[in-house]
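Visitor:
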Amino acid sequence: MQVKIIIGLIIATCILFLFSYKIVFLKDVPYLCLIYILQCILVILCCIKEESEIVHEGKNDLECLTNREKEIADYICMGLSNKEIGNKLFISPNTVKNHVYNIYKKVNVKNKVELINLINRRD
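Here it is as structure tokens:
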């Protein structure tokens, strides 16, 4: 959400800059101004990336998972494949795959082994 707000502010600032100088085409913008605007955008995006990485580093909380995701995580711990999980829950293997992807993202793991280790540490 913060990223969208910041990007919106960047765009609004650039538009205001262009209109305040009655600039219609980017070719009319002084070269150094364009470089400065791009540098500002780059700095802001780097800050956002670092902040995002910091947030994700400390985020391994299984409580943020939905009930369905917790159910799928439990089946993963039992060693079931996506197809087997799908059959048990009456959903397609692709839906299971989407849930697994969301689980990985929420708890900041890269694969099933890391997920199982995380769950076992919590128990």
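Numbering-wise (UniProt numbering), the sequence shown opens with residue 1 and increments by one.
Glycine included, every Cβ here is placed at the ideal spot set by N, Cα and C.
Any idea what DSSP makes of L80, helix, strand or coil?
Guide: It is coil, neither helix nor strand.
Visitor: Contact between the region 70-87 and the region 113-122: three or more CB pairs below 8 Å?
Guide: The answer is yes - the region 113-122 touches the region 70-87, with three or more Cβ pairs under 8 Å.
Visitor: Excluding sequence positions up to five away, which residues of its chain have a Cβ less than 7 Å from the Cβ of N102?
Guide: Closer than 7 Å at the Cβ level, and outside the excluded window around N102, lie E69.
Visitor: Give the straight-line distance between the Cα atoms of G86 and N98, rounded to the nearest whole angstrom.
Guide: So the alpha carbons of these two residues sit roughly 11 Å apart.
Visitor: With DSSP as the reference, label I91 as helix, strand or coil.
Guide: I91: coil per DSSP, three-state reduction.
Visitor: Candidates C40, L62 and I41: which alpha carbon is nearest R121's?
Guide: Cα-wise, what sits closest to R121 is L62.
Visitor: Which one of C64, S92, N82 and K88 has the shortest CA to CA distance from N108?
Guide: The shortest Cα separation from N108 among C64, S92, N82 and K88 belongs to C64.
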